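Read left to right, the sequence shown gives residues 0 to 424 (numbering that gives the first Met the number 0).
Note that CB positions come from ideal geometry on N, CA and C, so glycine has one too.
Computed from a prediction, not measured in an experiment: that's the story for all the values here.
Working notes, beginning with the structure itself.
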Amino acid sequence: MRTIWYWFYNLTFIPIAKVLLFFAQLFYPKIRTGLKGRKKLFENLIIDLAGVDRKKKMIWFHSASMGEFEQAKPIIEKIKAEKDVNVIVTFFSPSGYTNSLKYSFADVIAYFPFDTTFATKRFLNLVRPNLAVFMRYDIWPNMIWQLELKSIPCMIVDATMRKKTPRKWFAAKSFHKSLFSCFTKILTVSESDSANFAEFDLDKNKLIAVGDTRFDRVFQKSLDAQKKKLFREDFFNGKKVFVLGSSWESDEEVLIPALFKLMKNDEKVIAVIVPHEPTVLRVEALENQMHGKYDSIRFSLLNNYKNERVIIIDSIGVLLTLYYYAQVAYVGGSFKQGIHNVLEPAVYGIPVVFGPKHINSQEALVIVKEGGGITIKNKKDAYRVIRTLFSDEKLRKSKGEICAGYVKANIGATQKILQEIYKVL
């Protein structure tokens, strides 16, 4: 059956994908950047690999983008501390690749090649990995089949599988079985995920529930963040800080009016707004929303701070540290397509607020069930919830303790993953 899927994929999907990418690059800069970046993929690989000590084993980690790479980092950094090995990391998205070029724990950083038979063969012949580790879900058929043909061990780490997923429908189930059966191990975040993978008729010895490295990563980053000084020690003294994190316009349409009303009734409230993509246009649009209502200042201009009650973050990479200063946080994406990372504020022991579109996050579902997270549906709801949390300190702290306890109770996946990695190295 795998032979049938191989020819179907290469004679049908690959040609169609090439045509779609050709036209998509005309309209989407991100796709255009990815295509351009891959033009010299193999030339750059040859140069980068020339400086690698081939006497050491090579471990390859692949992530779709930055979010998945954050989950890989605790594993990579622990391995580099314990073993004398080479590490190559690859990305599918240009944002992940570009933002990780200075990652010091990787010996080589590259794009993932186009998933053609020729490109995957060439990539593996150049890299010659002793182990391939795919983070979460970004697996590509030709690459997986080539890894098996070359008898190279490969794993999926932080793997998840929903009970009701299209991958189990009709022919799709057979196709995905042809992929999942190639893996040496599939390390899932929970027992239920392992059970859902087992429905693809996989060898149950391949399926191991080890937990989610996001908890380890967030906890470690929170410890590091507390050492950073984004603001002077007394900056928020006597203030009530609300962080609106990773916000899209659909989030801001609900939260900003609620914040304005709250700020009018409570002069101690300060809002820190962190747009999902802090482009110049997005920052200017937020400034226009504040105009005539509350003074705002950009994070990059804080040296000129004059008690503005709205701080707009115009840089990336500081959100997790910003949550450290908050009494209450909102996590964006939950009025658009799906919520962002709720663990980042939860680790600091503060209540986490979000919109109705959070079913994509198991963590959001859990903290709501346990009482640390709160779902809002509209502006009125947002105002009521935030006002209550700021006015009732006992309630706020109890909900925050639930969130922090949830994170701490789930630390430890990294070590379990390392044990499985070392078995096959």
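Legend entry - Y405 - containing beta strand (DSSP E), residue span: Along the sequence shown, one-based indexing puts residue 405 at 406. For Y405, no beta strand (DSSP E) encloses it; the enclosing alpha helix (DSSP H) starts and ends at 392–408.
Legend entry - Straight-line gap, D106 to V88 (C-alpha atoms, nearest Å): Working through the sequence shown from its first residue, we reach residue 106 at position 107. Working through the sequence shown from its first residue, we reach residue 88 at position 89. D106 and V88: Cα-Cα distance of roughly 8 Å.
Legend entry - Best match in F214, E266, F218, L258 for proximity to Q361 [C-alpha to C-alpha]: Here residue 361 refers to the residue found at position 362 of the sequence shown. Minimum Cα-Cα distance from Q361 among the listed residues F214, E266, F218, L258 corresponds to F214.
Inset, instruction - Go through the stretch 149–190 residue by residue and report every complete run of the beta strand (DSSP E) that reaches 3 residues or more, in order. - result: The stretch 149–190 contains, as complete beta strand (DSSP E) runs of 3+ residues, the segments 153–158, 184–187 (chain order).
Legend entry - Cβ separation of R395 and P350, assumed to be a contact under 8 Å, to the nearest whole Å: Here the question's residue 395 lines up with position 396 in the sequence shown. Here the question's residue 350 lines up with position 351 in the sequence shown. With 8 Å as the limit, R395 and P350 qualify as a contact, their Cβ atoms being about 6 Å apart.
Legend entry - Residues bridged to I272 (per DSSP): As a position in the sequence shown, residue 272 is number 273, starting the count at 1. Under DSSP, I272 forms a beta bridge with L243, I311.
Inset, instruction - Check N124 in the structure and name its three-state DSSP category. - result: For the purposes of this step, residue 124 is identified with residue 125 of the sequence shown, where counting begins at 1. Here N124 sits in helix by DSSP.
Legend entry - Cutoff 8 Å; reference L430; Cβ partners in own chain excluding five residues on either side: Coverage of the chain is limited to positions 0 through 424, which leaves residue 430 absent and any answer about it impossible.
Legend entry - Straight-line gap, K263 to L364 (C-alpha atoms, nearest Å): Within the sequence shown, residue 263 is the residue found at index 264, counting from 1. Within the sequence shown, residue 364 is the residue found at index 365, counting from 1. Taking the CA atoms as reference points, K263 sits about 32 Å from L364.
Legend entry - C-alpha distance - F90 paired with M65, whole-angstrom precision: Along the sequence shown, one-based indexing puts residue 90 at 91. Along the sequence shown, one-based indexing puts residue 65 at 66. So the alpha carbons of these two residues sit roughly 8 Å apart.
Legend entry - beta strand (DSSP E) segments (min. 3 residues) lying fully within the stretch 311–387: Those beta strand (DSSP E) runs which fall completely within the stretch 311–387 and span 3+ residues are 327–330, 351–353, 372–374.
Inset, instruction - Pull up the distance between the alpha-carbon of F389 and that of F12, whole angstroms please. - result: Walking along the sequence shown from the start, residue 389 turns up at place 390. Walking along the sequence shown from the start, residue 12 turns up at place 13. Each residue's Cα considered, the two are about 53 Å apart.
Inset, instruction - Compare the beta carbon distance of T212 and I312 with 8 Å and say whether it is the shorter of the two. - result: Taking the first residue of the sequence shown as 1, we reach residue 212 at position 213. Taking the first residue of the sequence shown as 1, we reach residue 312 at position 313. Taking 8 Å as the Cβ cut-off, T212 and I312 do not qualify as a contacting pair.
Inset, instruction - Would you identify the three-state DSSP class for Y136, choosing helix, strand or coil? - result: Reading the sequence shown from its first residue, position 137 is the one you call residue 136. Correct three-state label for Y136: coil.
Inset, instruction - Starting from A208, follow the alpha helix (DSSP H) in both directions and report where the run begins and ends. - result: Position 209 of the sequence shown holds residue 208. Not the alpha helix (DSSP H): A208 falls in the beta strand (DSSP E), residues 206–208.
Inset, instruction - Using the DSSP secondary-structure output, state which residues sit across from Y110 in a beta bridge. - result: Here residue 110 refers to the residue found at position 111 when the sequence shown is read from its first residue. F90.
Legend entry - Boundaries (first-last residue) of the beta strand (DSSP E) holding M57: On the sequence shown, residue 57 is found 58 positions in, with the first residue counted as 1. Counting along the chain, M57 sits inside the beta strand (DSSP E) bounded by residues 57–62.
Inset, instruction - Measure the C-alpha to C-alpha separation of L25 and K39 and round it to an integer number of angstroms. - result: Taking the sequence shown and counting its residues from 1, one reaches residue 25 at position 26. Taking the sequence shown and counting its residues from 1, one reaches residue 39 at position 40. Each residue's Cα considered, the two are about 20 Å apart.
Legend entry - Coil, strand or helix - S99 by DSSP: Taking the first residue of the sequence shown as 1, we reach residue 99 at position 100. Correct three-state label for S99: coil.
Inset, instruction - Put L25 into one of helix, strand or coil per three-state DSSP. - result: Looking up residue 25 in the sequence shown gives position 26. It is coil, neither helix nor strand.
Legend entry - Inter-residue Cα distance where the pair is P274 and N129: As a working note, residue 274 is residue 275 in the sequence shown. As a working note, residue 129 is residue 130 in the sequence shown. One Cα belongs to P274, the other to N129, and the distance between them is close to 40 Å.
Legend entry - C-beta contact flag for R216 and E69 at 8 Å: Against the sequence shown, residue 216 aligns to sequence position 217. Against the sequence shown, residue 69 aligns to sequence position 70. A contact, by the Cβ cut-off of 8 Å.
Inset, instruction - Please look up how many angstroms separate the CB atoms of D114 and M142, rounded, as I've assumed it's under 8 Å. - result: To locate residue 114, count along the sequence shown from 1; it is residue 115. To locate residue 142, count along the sequence shown from 1; it is residue 143. 6 Å between Cβ atoms; contact.
Legend entry - Residue ranges of each alpha helix (DSSP H) within the stretch 196–235, 4 or longer: DSSP runs (the alpha helix (DSSP H)) wholly in the stretch 196–235: 212–224.
Inset, instruction - Output the distance between the C-alpha atoms of P14 and L178, rounded to the nearest integer angstrom. - result: Reading the sequence shown from its first residue, position 15 is the one you call residue 14. Reading the sequence shown from its first residue, position 179 is the one you call residue 178. Going by C-alpha positions, P14 is about 20 Å away from L178.
Legend entry - Three-state secondary structure (DSSP) of A118: Within the sequence shown, the letter at position 119 stands for residue 118. Helix at A118.
Inset, instruction - Could you tell me which of Y304, L342, S150, D200 sits nearest to V367, measuring between CA atoms? - result: Here residue 367 corresponds to residue number 368 of the sequence shown, with the count starting at 1. The shortest C-alpha separation from V367 is found at L342.
Inset, instruction - Measure the Cβ-Cβ separation of W59 and V126 and say whether it is below 8 Å. - result: Locating residue 59 in the sequence shown gives position 60, where the first residue counts as 1. Locating residue 126 in the sequence shown gives position 127, where the first residue counts as 1. Closer than 8 Å, so yes.
Legend entry - At least 3 beta-carbon pairs within less than 8 Å: the stretch 310–326 vs the stretch 269–286: By the Cβ criterion, the stretch 310–326 is in contact with the stretch 269–286, since at least three pairs of Cβ atoms, one from each stretch, lie closer than 8 Å.
Inset, instruction - Please classify R505: does DSSP put it in a helix, a strand, or coil? - result: In the structure as shown, the chain starts at 0 and stops at 424, and residue 505 therefore has no counterpart that could be examined.
Legend entry - Under the three-state DSSP convention, the category N306 falls into: In the sequence shown, counting from the first residue as 1, residue 306 sits at position 307. Correct three-state label for N306: coil.
Inset, instruction - Please check the pair S295 and E283, which I expect to be a contact at CB under 8 Å, by giving their CB distance rounded to whole angstroms. - result: Taking the sequence shown and counting its residues from 1, the one referred to as residue 295 is at position 296. Taking the sequence shown and counting its residues from 1, the one referred to as residue 283 is at position 284. Between S295 and E283 a beta carbon distance of about 11 Å is seen, past the 8 Å cut, so the two are scored as non-contacting.
Inset, instruction - Within its chain, find whatever has a CB closer than 7 Å to the CB of I315; leave out the 5 residues flanking it on each side and keep chain order. - result: If you number the sequence shown from 1, residue 315 lands on position 316. Contacts found: P277.
Inset, instruction - Per DSSP, which residues does N85 bridge with? Please list them. - result: In the sequence shown, counting from the first residue as 1, residue 85 sits at position 86. Listed as beta-bridge partners of N85 by DSSP are M57.
Legend entry - Through-space distance from A257 to K379, alpha-carbon basis: The residue you call residue 379 lines up with position 380 of the sequence shown. The residue you call residue 257 lines up with position 258 of the sequence shown. Cα to Cα, the separation comes out at about 7 Å.
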